[in-house]
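The structure under discussion appears below in the form of structure tokens.
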Amino acid sequence: MVLAGVGVVLLAILVFLAFDGPQKFFTLFAAGIALGAVYALVCLGFVVIYRATGIVNFAQVGMVVFGAFVTYNAVYTWGWNFWLSMLFSAAVLAVIGIGFERFALRRMTGKPIFSIILLTIGLYLLLQSLIGAIWTNAKDTIPNPWIGKTVSLGSVNILQVDVVTMVLGAAVLASFFALFRYTKVGLGMRATAIDQEAALAQGISVPGIVALSWAIAGAVAVIAGTMLGSGATPKVGLGLGISAVALQALPAMVIGGLDSPIGAVIGGLVIGVAYEMAVGYQTQYIPSLGTSGFADVLPYLLMVLVLLIRPSGLFGTRDVQRV
Amino acid sequence: MNQKSVAKLVGLAVVAALFVVACGGGDKTASNAAKNTTTTKSSNAGKAPKTGPGFDGTTIKLGVITPQSGAIGKIVADDIGTPMTSGNQVYWDSVNANGGVAGKYKVSLETADSQYDATVGLQAYDKIKNDVAAMQQVLGTQVLQAMQPKLKTDQISAGPATLDAEWTNDPNLFPIATSYQLLSINGIDYYIHNGGSKTKNICVLAQDDAYGEAGVQGANYEAQKAGFTLKTVQRYATLTDKTAQIQALKDNSCDAVLFVATLADTKAAIQTAIQLNYTARWIALSPAWLPSFVASSESDASFKTYLEQNMWVSSTGVDWNSPVPGYVQMRAAIAKYAPTQQPDPYFAYGFQQARAMDQILEVAVKNGDLSRAGILNAINGVGTLKFDGALPDFFYGTSVATRKQPTPATIFSIVAGVPQGLKTLSANYTSAAAKTFKPAG
Amino acid sequence: MASTLAPPPAADATDPPNRSVLEARARREIRLFPTPSYWVGAAVLLALYLVLPLVLSDLWANVLVLAGITAIGGLGLNLLTGYAGQASLGTAAFVGIGAFTASYLGRATDVNNGLGQPFVVYLIAAILVGAAVGFLVGLPALRLRGSYLVIVTLGFLFVTTYVLTQWKTVSNGNLGAPMPVGVQIGSIDFTSFDVFGMRDTPLGRNQGLFYLVWIFVAITALLVKNIVRSRPGRALQAVRDRDVAAEIVGVSLFRYKVGAFVVSSAIGAMAGVFYGLYIQYLTPNQQSIGLTLSVQFLAVIIVGGIGTVYGTVVGAVIIGGLPTIINEFSNHIPYLTASTVSAFQGIVFALLLVVTLLLEPWGFAGAVRRFKTRKLRRTMVPGSAGSTGATTG
């Protein structure tokens, strides 16, 4: 009920802003969706690991930015085709993901959740530092087929690279859906997400499922990182700015529900649109909140709001508290 | 061991420690002793100059605090810090080849990473401060601002690699070029008199930090003096999406935009402008410019074209192939010591900055004092920093009160294929407002 | 430092005279100085404390000051995370809050509208502000756990830097603010330290701060030690291990969870005051007081030994000293250039964190304990395992 009320209020604000100046509103809205698509892709990687292991995997942030650089290396240094490079990078990061699971995370079974999260932070910092050591003089963008090109949607222009990002985001979501719904492995993943012990008892190879989840997370990270590095909104280009963007996706994951793929996408889009609207209108309507910076914390404020009303997020599985 | 003997032991330790406190040790006392042995102040050039940290009697060691890593630091490093430091280095290579400062004292540089952040920058400062006689280069407005109190305590002079106007008021700093405020003032004024007018919508797009504030300050001053108001001032946090800001510029029908950015955000801002079909006269301050934006390897053709058609850069310096002696000397040094160096405005700045340091060190040698205090004093003895046409000369006089900031800016248009991508529209342009501008104390 | 030398508190005096062997052992374990060798250790530390600043170069004094500050914040975080089991990425936020409280109250009145208050005033104020904010952050922690708490405290960190940036009276906005210049307690000025005018020239700022900071390391260590070896400490551990069960046996979750946040945040803010004094100028952004700094504090307690007091201090010295050690020896490490040194430092830091978590989850303290146990096993009755619990340190 309360949640619906909040939704109505937010929607009303959007409608008000839309009538205030349609051109501005729809431009910002489009940018918000584009930004949201990036957040969604990052979050999908978070969600896969959360479902398999019950932890928020900060290493995902490192995999996103590392994946971008591996793609860059293939495209720019080796001169490969863009898609081939991305595929190659996805394979590399899948292997890295499996390696992380096999040689690090698996050894942490039974340790406090906090230690495990800290381990993933360590892995994130490791990947990020490696970038500084390996690619000391990279270009500012991954060369790609859509540089500088836009498509028009009515009076609003959208970057082609953003359209590709949205399509890829939708494709990943759809394949998640298909995977979980129609394949045996997917069924195992769902079972593992619900109850690891029960899944084991049913003869599901839980370690195999967890390893697969890490591989998928690595591959999804590459898509997010490559698109960011190719100049997708917010146009940070190829650099460590990518990890800042990936970190901003965390509240989207909580808003959507930690274990829900559709929640990750919706949460990402909500955060993306909220961000752009905040940048576009806050200085105009609430100048007392400062010249910049409010938009950066708004996602976290929305997150706290959702947590207060519905701790499991919009689409997350409600936790049964075990005593 | 019983408790009594433990207590004795502790007591002994305390006494021993207090004894050491009383009798000295530690480097402060050592440096004090060094001070006492070399206090014979002489002003004749024949005697060896007074030594101090960073000068052992033969080699002068200078510090460079510049970003080398970090999210923004890496970008700034690759594109600004590295060429600037190499400008410093090439200059000193050429001087060292002729024997060094005053023909005798070789100069070497020690670099520390600031990550383009004030806090990290201070640690970098602490790391190298005991090894150096002065700071050849400190990059980043925030970094330098945080460092000012320490420079004062340690009597270290520093060359700002940032152009805020207020540096002129600090006796420890030796700025060499026209300030951001004046670049803004001149840039807007040039627009008003060349194609634009006061009645056009003039706006600002600025980074939300100290550097951005300096640009806005200049824009406000010019508006007030020339008699118009800025249509809108848009600010953004670095490395974030700028759709909303560009849309606001468009909604306000801005004809000209003073662009106070660093090159980390230039591409994103211009790409967004292209995406939103927004064209205006962009007047960028020098830190927003990077020659490789229009290099042949740049894959975004629309970006290149937009820059060529719509952007000017308000900067210092002259065309790379200019015949002024300052640039002739620089090109000769590059040919000899860094043949792979591409034409680069930051390299040029670094080269001239080392040249300023050289002039100060020459005075210090003449005064017979290459200690930190001696170098600090020497700043007030140079009279005028001369750059042989590479930059406008900078009058220093005898104290900060007599310093006169050079007011001219060079307005460049952007042309792919010429060195640095910059072609002079107007060299040494000075607006009426620029002549009266005083940096805030 | 005087309190270090005081005899162990006579908390045992009221106990009945007939005590079992087990009780006696338990009593020994919770004592401040269980064996005479601890007294020797304390004496050595005291001697080191007095002598080190006199012989250290500026650089190393600097490193040890930072290590001391990290130790203070780490001790607070260890109370929260190690003992009470509440994970937090928000430590840097409290450091920022403490530092800017100190800056605003302590900087001179002609510098960005400062209030020009003395050290004692701004230190106490910062601790109180830290405690108050810690209380507010502790409330949601009652309902959140695990991953959620980590993300929410990260959000708190972002909100803090935002609020500090906007609150220009305090922080001077984006430009950042200078910290108080002098640090005086009574007639002692720690920025140019001298005892009774016995030296020709006073010690430098870094050396003076060393004396100041490490007193507070000792005070904080004693405070934390006294909390964890008494009833609240056992309650905290009960909350960490089985919070619902703890509540059933009468441990107030509200009191201890929120209490842990309050004390830990107050200590974090205190560390912030010293951080401010050390760094002298602070910008309220993610680079200065952000995730990296928070992770640094977490690394300290992990590497040193989670749930131990002395381990935290050791961890702080290791983490604090590592970058400088690497830097000093970078010339001798092949393939390391100026532009890759910081990347290399990052790699070593990350590896240290990862490897510790994997191979020695109880950190330095755990390794020491294992070593002792092994020795004990060899010399004592074969087969009698020593205590491997990591909670009593």
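Chains as they are written, first to last, in this note's numbering: chain A, 1 to 323; chain B, 1001 to 1441; chain C, 2001 to 2393. Glycine is no exception: its CB is placed at the ideal position from the N, C-alpha and C atoms.
Residue i versus the options, residue with shortest Cα-Cα distance
i	options	result
threonine 2160 (chain C)	C:Ser2187, C:Leu2050, C:Gly2130	C:Gly2130
proline 287 (chain A)	C:Ile2326, C:Gly2138, C:Gln2166, C:Gly2233	C:Gln2166
glycine 2204 (chain C)	C:Gly2041, C:Ser2192, C:Gln2345, C:Ile2215	C:Ser2192
threonine 1162 (chain B)	B:Ile1072, B:Lys1386, B:Gln1353, B:Thr1229	B:Gln1353
isoleucine 134 (chain A)	C:Leu2075, C:Ala2367, C:Thr2337, C:Gly2155	C:Thr2337
isoleucine 262 (chain A)	A:Pro234, A:Thr317, A:Thr291	A:Thr317
threonine 165 (chain A)	A:Gly241, A:Val15, A:Leu269, A:Gly154	A:Leu269
glutamine 128 (chain A)	B:Leu1425, B:Trp1167, B:Phe1351, B:Lys1074	B:Lys1074
glycine 2259 (chain C)	C:Ala2092, C:Gly2134, C:Lys2375, C:Ile2319	C:Gly2134
threonine 141 (chain A)	A:Gly241, A:Tyr300, A:Leu305	A:Gly241
glycine 2305 (chain C)	C:Ala2126, C:Gly2346, C:Phe2364	C:Phe2364
glycine 357 (chain A)	A:Thr283, A:Gln282, A:Ala295	Limits of chain A in this structure are 1 at one end and 323 at the other, which puts residue 357 (chain A) out of reach.
valine 61 (chain A)	A:Ala52, A:Phe46, A:Gly229	A:Phe46
valine 2263 (chain C)	C:Val2314, C:Leu2128, C:Gln2184	C:Leu2128
leucine 301 (chain A)	A:Val254, A:Val265, A:Gln284, A:Thr283	A:Val254
Within 8 angstroms, strictly: CB atoms of residue i and residue j
i	j	result
alanine 249 (chain A)	tyrosine 39 (chain A)	yes
alanine 246 (chain A)	glycine 267 (chain A)	no
valine 2170 (chain C)	phenylalanine 2100 (chain C)	yes
tyrosine 1191 (chain B)	alanine 1269 (chain B)	no
valine 2152 (chain C)	leucine 2144 (chain C)	yes
asparagine 1088 (chain B)	glutamine 1136 (chain B)	yes
threonine 136 (chain A)	threonine 2035 (chain C)	no
valine 1260 (chain B)	glycine 1212 (chain B)	yes
Opening and closing residue of the alpha helix (DSSP H) in which residue i lies
i	result
lysine 1127 (chain B)	1118-1128
lysine 2372 (chain C)	2363-2379
alanine 12 (chain A)	2-20
aspartate 1369 (chain B)	Here aspartate 1369 (chain B) belongs to no alpha helix (DSSP H), and DSSP marks it neither H nor E.
asparagine 2226 (chain C)	2205-2228
threonine 1243 (chain B)	1243-1251
Same chain only: Cβ atoms within 6 angstroms of residue i, ignoring 5 sequence neighbours per side
i	result
threonine 276 (chain A)	The residue asked about is misnamed: residue 276 (chain A) is glutamate in this sequence, not threonine. Contacts found: Leu28, Ala31, Gly32.
isoleucine 1080 (chain B)	Tyr1346
isoleucine 216 (chain A)	Val48
Opening and closing residue of the beta strand (DSSP E) in which residue i lies
i	result
isoleucine 1411 (chain B)	1409-1414
valine 2183 (chain C)	Per DSSP, valine 2183 (chain C) belongs to no beta strand (DSSP E) and is neither H nor E.
aspartate 1189 (chain B)	Counting along the chain, aspartate 1189 (chain B) falls outside any beta strand (DSSP E), though it belongs to the alpha helix (DSSP H) covering 1180-1193.
phenylalanine 2094 (chain C)	Careful: phenylalanine 2094 (chain C) lies outside any beta strand (DSSP E), inside the alpha helix (DSSP H) at 2091-2106.
tryptophan 78 (chain A)	No beta strand (DSSP E) contains tryptophan 78 (chain A), which DSSP labels as neither H nor E.
isoleucine 1060 (chain B)	1059-1066
Residue i at chain D interface by Cβ criterion, 8 angstroms
i	result
alanine 1177 (chain B)	Among the protein chains in the structure shown, which are A, B and C, there is no chain D.
7 angstroms Cβ shell around residue i - same chain, five flanking residues per side excluded
i	result
proline 1419 (chain B)	Trp1320, Asn1321, Pro1343
valine 2317 (chain C)	Ala2067
alanine 2367 (chain C)	Glu2360
glutamine 160 (chain A)	Trp146, Lys149, Thr150, Val151
proline 1325 (chain B)	Asp1388, Gly1389
Spatial neighbours of residue i in its chain, beta-carbon cut-off 8 angstroms, leaving aside the 5 residues before and after
i	result
phenylalanine 1252 (chain B)	The question names phenylalanine, but residue 1252 (chain B) is asparagine in the sequence shown. So the list reads Asn1201, Cys1203, Lys1231, Thr1232, once near-sequence residues are dropped.
threonine 2356 (chain C)	Ile2302, Val2303, Gly2363
When you compare the stretch 2280-2294 of chain C with the stretch 1112-1129 of chain B, are there three or more beta-carbon pairs, one atom per stretch, that lie closer than 8 angstroms? yes
Touch test, the stretch 1312-1319 of chain B against the stretch 1050-1070 of chain B, Cβ-Cβ under 8 angstroms, three pairs minimum: Short answer: they don't touch.
Count the C-beta pairs between the stretch 2270-2282 of chain C and the stretch 1096-1106 of chain B that are closer than 8 angstroms, then say yes if the count reaches three, no if not. no
The stretch 211-225 of chain A touching the stretch 34-50 of chain A, judged by at least three CB pairs closer than 8 angstroms: Flag = yes, the stretch 211-225 of chain A and the stretch 34-50 of chain A touch.
Counting beta carbon pairs with one atom in the stretch 2288-2303 of chain C and one in the stretch 2113-2128 of chain C, are three or more of them shorter than 8 angstroms? Contact fails between the stretch 2113-2128 of chain C and the stretch 2288-2303 of chain C, because fewer than three Cβ pairs, one in each stretch, are under 8 angstroms apart.
Taking contact to mean 3 or more Cβ pairs, one atom from each stretch, closer than 8 angstroms, check whether the stretch 1144-1161 of chain B and the stretch 1416-1433 of chain B are in contact. no
Sufficient close CB pairs (3 or more, under 8 angstroms) joining the stretch 1384-1399 of chain B to the stretch 1273-1290 of chain B: no
Taking contact to mean 3 or more Cβ pairs, one atom from each stretch, closer than 8 angstroms, check whether the stretch 2065-2085 of chain C and the stretch 2232-2248 of chain C are in contact. yes
Does the stretch 1047-1059 of chain B touch the stretch 1365-1376 of chain B, meaning 3 or more C-beta pairs lie closer than 8 angstroms? yes
Check whether the stretch 1174-1191 of chain B touches the stretch 1375-1394 of chain B, counting contact only when three or more Cβ pairs, one atom from each stretch, lie closer than 8 angstroms. yes
So, does the stretch 2345-2355 of chain C touch the stretch 2102-2109 of chain C, judging by three or more C-beta pairs under 8 angstroms? no
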